[in-house]
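In what follows, a structure is listed as structure tokens, so that the remarks can point back to it.
There are 2 protein chains.
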Amino acid sequence: MPTPPLNSSPESKSADAFAPSREASKEITVRFNNAAVEEKVPEKVNIREVARQAGVSVATVSMVLNASPRISRSTHIKVQRMIDKMGYRPNRLAQSLSGRYTQVVAVMLPPLRHAFADAYFGEILSGIADRAGKLGHKLLIEQAKPQFVKEGKHLELYERRFVDGVLCLGFNEKHSFLSDFAARRYPMILVDNRFGDNLLDYVHCDYRLGAQQAMNCLLQLGHRSIAMVYAAPESPTARDVVETYTSSLVAAGITPSEHWLVDGCFTDEGGAEAARVLLSRDPQISAILCGNDKMALGAIRYLTTHGHRVPDDVSVVGFDDIQHLAYANPSLTTVHLPLYELGVLACEKLVERIRGKVERVAEVLPTHLVLRESTGMMRSLRS
Amino acid sequence: MPTPPLNSSPESKSADAFAPSREASKEITVRFNNAAVEEKVPEKVNIREVARQAGVSVATVSMVLNASPRISRSTHIKVQRMIDKMGYRPNRLAQSLSGRYTQVVAVMLPPLRHAFADAYFGEILSGIADRAGKLGHKLLIEQAKPQFVKEGKHLELYERRFVDGVLCLGFNEKHSFLSDFAARRYPMILVDNRFGDNLLDYVHCDYRLGAQQAMNCLLQLGHRSIAMVYAAPESPTARDVVETYTSSLVAAGITPSEHWLVDGCFTDEGGAEAARVLLSRDPQISAILCGNDKMALGAIRYLTTHGHRVPDDVSVVGFDDIQHLAYANPSLTTVHLPLYELGVLACEKLVERIRGKVERVAEVLPTHLVLRESTGMMRSLRS
DNA sequence: AACCGTTGTTAAAACAGTTTACCATTTTTG
DNA sequence: CAAAAATGGTAAACTGTTTTAACAACGGTT
Numbered sequence: 001m002p003t004p005p006l007n008s009s010p011e012s013k014s015a016d017a018f019a020p021s022r023e024a025s026k027e028i029t030v031r032f033n034n035a036a037v038e039e040k041v042p043e044k045v046n047i048r049e050v051a052r053q054a055g056v057s058v059a060t061v062s063m064v065l066n067a068s069p070r071i072s073r074s075t076h077i078k079v080q081r082m083i084d085k086m087g088y089r090p091n092r093l094a095q096s097l098s099g100r101y102t103q104v105v106a107v108m109l110p111p112l113r114h115a116f117a118d119a120y121f122g123e124i125l126s127g128i129a130d131r132a133g134k135l136g137h138k139l140l141i142e143q144a145k146p147q148f149v150k151e152g153k154h155l156e157l158y159e160r161r162f163v164d165g166v167l168c169l170g171f172n173e174k175h176s177f178l179s180d181f182a183a184r185r186y187p188m189i190l191v192d193n194r195f196g197d198n199l200l201d202y203v204h205c206d207y208r209l210g211a212q213q214a215m216n217c218l219l220q221l222g223h224r225s226i227a228m229v230y231a232a233p234e235s236p237t238a239r240d241v242v243e244t245y246t247s248s249l250v251a252a253g254i255t256p257s258e259h260w261l262v263d264g265c266f267t268d269e270g271g272a273e274a275a276r277v278l279l280s281r282d283p284q285i286s287a288i289l290c291g292n293d294k295m296a297l298g299a300i301r302y303l304t305t306h307g308h309r310v311p312d313d314v315s316v317v318g319f320d321d322i323q324h325l326a327y328a329n330p331s332l333t334t335v336h337l338p339l340y341e342l343g344v345l346a347c348e349k350l351v352e353r354i355r356g357k358v359e360r361v362a363e364v365l366p367t368h369l370v371l372r373e374s375t376g377m378m379r380s381l382r383s
Numbered sequence: 384m385p386t387p388p389l390n391s392s393p394e395s396k397s398a399d400a401f402a403p404s405r406e407a408s409k410e411i412t413v414r415f416n417n418a419a420v421e422e423k424v425p426e427k428v429n430i431r432e433v434a435r436q437a438g439v440s441v442a443t444v445s446m447v448l449n450a451s452p453r454i455s456r457s458t459h460i461k462v463q464r465m466i467d468k469m470g471y472r473p474n475r476l477a478q479s480l481s482g483r484y485t486q487v488v489a490v491m492l493p494p495l496r497h498a499f500a501d502a503y504f505g506e507i508l509s510g511i512a513d514r515a516g517k518l519g520h521k522l523l524i525e526q527a528k529p530q531f532v533k534e535g536k537h538l539e540l541y542e543r544r545f546v547d548g549v550l551c552l553g554f555n556e557k558h559s560f561l562s563d564f565a566a567r568r569y570p571m572i573l574v575d576n577r578f579g580d581n582l583l584d585y586v587h588c589d590y591r592l593g594a595q596q597a598m599n600c601l602l603q604l605g606h607r608s609i610a611m612v613y614a615a616p617e618s619p620t621a622r623d624v625v626e627t628y629t630s631s632l633v634a635a636g637i638t639p640s641e642h643w644l645v646d647g648c649f650t651d652e653g654g655a656e657a658a659r660v661l662l663s664r665d666p667q668i669s670a671i672l673c674g675n676d677k678m679a680l681g682a683i684r685y686l687t688t689h690g691h692r693v694p695d696d697v698s699v700v701g702f703d704d705i706q707h708l709a710y711a712n713p714s715l716t717t718v719h720l721p722l723y724e725l726g727v728l729a730c731e732k733l734v735e736r737i738r739g740k741v742e743r744v745a746e747v748l749p750t751h752l753v754l755r756e757s758t759g760m761m762r763s764l765r766s
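Chains A and B are the protein sequences, given in the same order. Okay, so the first sequence: first residue is 1 according to our numbering, each after it adds one. Okay, so the second sequence: first residue is 384 according to our numbering, each after it adds one.
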């Protein structure tokens, strides 16, 4: 028995907040039953029927529904009352067919086995879902399996009018099919990355700033031999981190060494292996900057189980600030990425783009460093 | 820099498999460009236009699209060729409006802060997404926030024709609004739980079997003082585990003690705290059965940091078998829940229910125990 | 030769809304 | 007080499909 059902959740507020919902759902039941009683067969109540019962035209009901200013107050009330009485709900297939928008947004995830269970994606998704809900949009999720792209289903999303726009999470420059969207001017925003050619709309965290914050911290603590576990060099934002790492060293008068750079594949195990390789290459290393928290955790696990104390011997800094890691031992100093906010922003901008309010989306969100226990002063400087 | 983008993924197969997609998307580009060249303004090509160009009626094109046997081979080919040439894609809003189904299924998650980043939900979701894709269905995700339910949006999902059916993950008997679905005969399947009144369709893992497997293991290892960290007593499947735990003890001639039962709230920290409480109540306890892996991990963390060796002093068994935990130290013995398969089955059954092929869904999937390092023989029995 | 059953196709009627052009009333303006 | 403008509402066209009933054309029976 898995994951906390509502009421046993840590934030019991959401559990309490749920209580009224039961009454609410009862109320709805009552309302629907009333409708059923009054009209014997309320099956399939449509706008025409409402218009007839209210003694107005179909156009009038439609305008009431859309709060058109051309309808007088009295008519509005009369029609609205009938709508409520009959329990009428406009069919959104018909609305979208005749109207301009579907009010649906797709989220595309990469074809990783655990894409749906990922803390990083999950945090962004939460932001997207919350904002989409507020904007009255529904969310469609797709995993961009090779087959899916091969059959052109990503374009079908628009062309068959499933959605108005797409948010793409976890992709990088190698996924060139993303350019198909831009080529057809279909609204699409790349989330937490960008393309080198800058033709795609994007919204991402300021990885340069984040890397700078992490490096400033380590340098101020007196570290000179600072290694880095990177990943996914095909991702521009990932390259930002490596470049900033290197230039920070140079700016501090330190000569970067190729021996200090290892690919950790963004995974737990990759991070552990990277730590092993780094220390075997250069035992002087006293700090490691990791491209994400998972790799940082792997590195810490390797270090602590192989006679290196963290942070006494080696300091470790991560990237992401994913949940449930604040409790790790030692807890992880990491660059906090505003992923929830990023999701919110991405969704907001996408809708603006769909509505034609903006032509181009290119936003960058600031990061900040969260100081915890995995970093400490350079050995030689401690009193 | 988060979660592995495709190509740096551990299963590099999916990365390789992705390569062809780029060519595929290019091909599509080419095809669309051709269409554009041939017809100047291919904007909004619809079935009427295809019919005109092909010299047949609209009905004929529709029947070709739906592979009706009433269309002759020659006509079929002629029309299909025109469809391809014009790059025509049927508008699915119109299709659904006129037809019976939307071909969309909703997944409803509880309003937990990290519902989208949860390993347990994620695994089920993967199964659902894969099967939905194969069945030609799209997936809509909703979080059942209190406000959402209060406004009756869960019913709107059907009534405004957003979806044909709903899968509900992570809910229990306290969420009585779920009964609204059954009351209206809207297709809905409760995933990995059931309701006491048995009025709701469900698909869940065999928690009794799982608990039995875990208990058999511990009893065979010689343990007599076996505690249990449960959670969410309002969940019938969670109760299954507690009941089986108790009856197993009785069957083994052991008198269950209330001191052996603590609520761990399904969380990491809850599990740690529960372990503390248990051992303070009864230091004799030599084994702990936990209602999920998170709590088991928390318990192990507490034990190992407080002078109890796992499994030498205390054995721990979890429930779920979530990924990335096989590498924990010590690795966790746990009851494997077939969550991916559960998702597949749930989706499959929901579609059958939608199509009227079945009246009722009530399926249970078997579990199995995964033996790892967190369990061992009772101290006194070791040689 | 009149009748019947296939076979393949079509016109027209759903499906359920939005939007536009137009038409009466009123109200305001010159 | 007539003309112009504003107000409130409506009929009809439109969105893009599926489905049904009807209908030719044709070969095969009596």
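Built from N, CA and C at the ideal position, the CB exists for glycine as well.
What is the DSSP secondary structure of residue i, reduced to helix, strand or coil?
i	result
Leu200 (chain A)	coil
Gly510 (chain B)	helix
Phe319 (chain A)	strand
Ala227 (chain A)	strand
Asn417 (chain B)	Only weak support is given to the placement of Asn417 (chain B): the predicted model assigns it a pLDDT of 36, under 50, and the question is left unresolved by the model.
Glu422 (chain B)	With a pLDDT of only 33 at Glu422 (chain B), under 50, the local geometry of the prediction cannot be trusted, and the value read off the model is given with reservation. It is helical.
Thr717 (chain B)	strand
Val385 (chain A)	What the structure shows of chain A is the stretch from 1 to 383, and residue 385 (chain A) is not part of that stretch, so it cannot be assessed.
Ile288 (chain A)	strand
Quick one, are the C-beta atoms of residue i and residue j less than 9 angstroms apart?
i	j	result
Tyr685 (chain B)	Ala655 (chain B)	yes
Leu722 (chain B)	Asp676 (chain B)	no
Val310 (chain A)	Ser247 (chain A)	no
Gln162 (chain A)	Val104 (chain A)	Per the sequence shown, the amino acid found at residue 162 (chain A) is Phe instead of Gln. Yes. Within cutoff.
Pro187 (chain A)	Lys145 (chain A)	no
Ala227 (chain A)	Ile288 (chain A)	yes
Ala729 (chain B)	Val624 (chain B)	no
Ala119 (chain A)	Ala500 (chain B)	yes
Asp696 (chain B)	Arg762 (chain B)	yes
Leu550 (chain B)	Met491 (chain B)	yes
Note down, in chain order, each residue of its chain lying with its Cβ closer than 8 angstroms to the Cβ of residue i, except the 5 sequence neighbours on either side.
i	result
Lys423 (chain B)	Residue placement at Lys423 (chain B) cannot be trusted, given a pLDDT of 37 that sits under 50; what the coordinates show is reported in the next sentence. Nothing listed; no residue qualifies.
Lys732 (chain B)	Ile572, Asp584, Val586, Val741, Val744, Glu746
Met377 (chain A)	Leu221, Gly222
Asp263 (chain A)	Val229, Tyr230, Ala231, Pro233, Gly270, Ala274
Phe195 (chain A)	Glu173, Leu178, Ser179, Tyr202, Pro236
Lys26 (chain A)	Only weak support is given to the placement of Lys26 (chain A): the predicted model assigns it a pLDDT of 30, under 50, and the value that follows is read from those uncertain coordinates. Excluding residues within five positions, none has a Cβ falling inside 8 angstroms.
For residue i, which residues from the same chain have a beta carbon less than 7 angstroms from its beta carbon, with the 5 sequence-adjacent residues on both sides left out?
i	result
Ala621 (chain B)	Tyr613, Ala614, Ala615, Gly674
Val727 (chain B)	Gly510, Asp513, Arg514
His751 (chain B)	Gln596, His719
Val447 (chain B)	Ile454, His459, Val462, Gln463
Which residues of chain A have a Cβ atom closer than 8 angstroms to the Cβ of residue i, listed in chain order?
i	result
Phe578 (chain B)	Under the 8 angstroms cutoff, chain A gives no residues; its nearest Cβ is about 13 angstroms from Phe578 (chain B).
Ala658 (chain B)	Within 8 angstroms Cβ-Cβ: nothing; Ala658 (chain B) doesn't reach chain A, min ~15 angstroms.
Against residue i, what residues of chain B qualify as contacts under a CB-to-CB distance less than 9 angstroms, listed in chain order?
i	result
Ile141 (chain A)	Val490, Leu508, Ala512, Lys521, Leu522, Leu523, Ile524
Ala94 (chain A)	Leu476, Leu480, Arg544
Checking the sheet assignment: what are the DSSP bridge partners for residue i?
i	result
Thr375 (chain A)	Note: Thr375 (chain A) sits in no beta bridge, so no partner.
Tyr521 (chain B)	Rather than Tyr, the amino acid found at residue 521 (chain B) in this sequence is Lys. Bridge partners of Lys521 (chain B): B:Val487.
Glu746 (chain B)	B:Val586
Cys551 (chain B)	B:Met491, B:Leu573
Gln143 (chain A)	A:Leu109
Asp263 (chain A)	A:Tyr230
Thr620 (chain B)	DSSP output for Thr620 (chain B) lists no bridge partner at all.
Which chain A residues sit within Cβ distance under 7 angstroms of residue i?
i	result
Arg472 (chain B)	Glu156, Glu159, Arg160
Asp547 (chain B)	By Cβ distance, chain A contributes nothing, its closest Cβ being about 12 angstroms from Asp547 (chain B), past 7 angstroms.
His497 (chain B)	Gly122, Gln323
Ala502 (chain B)	Ala117
Short of 6 angstroms in beta carbon distance, which residues of its chain neighbour residue i, apart from the five on each side in sequence? Order them along the chain.
i	result
Leu249 (chain A)	Pro256
Ile47 (chain A)	Val58, Val61
His707 (chain B)	none
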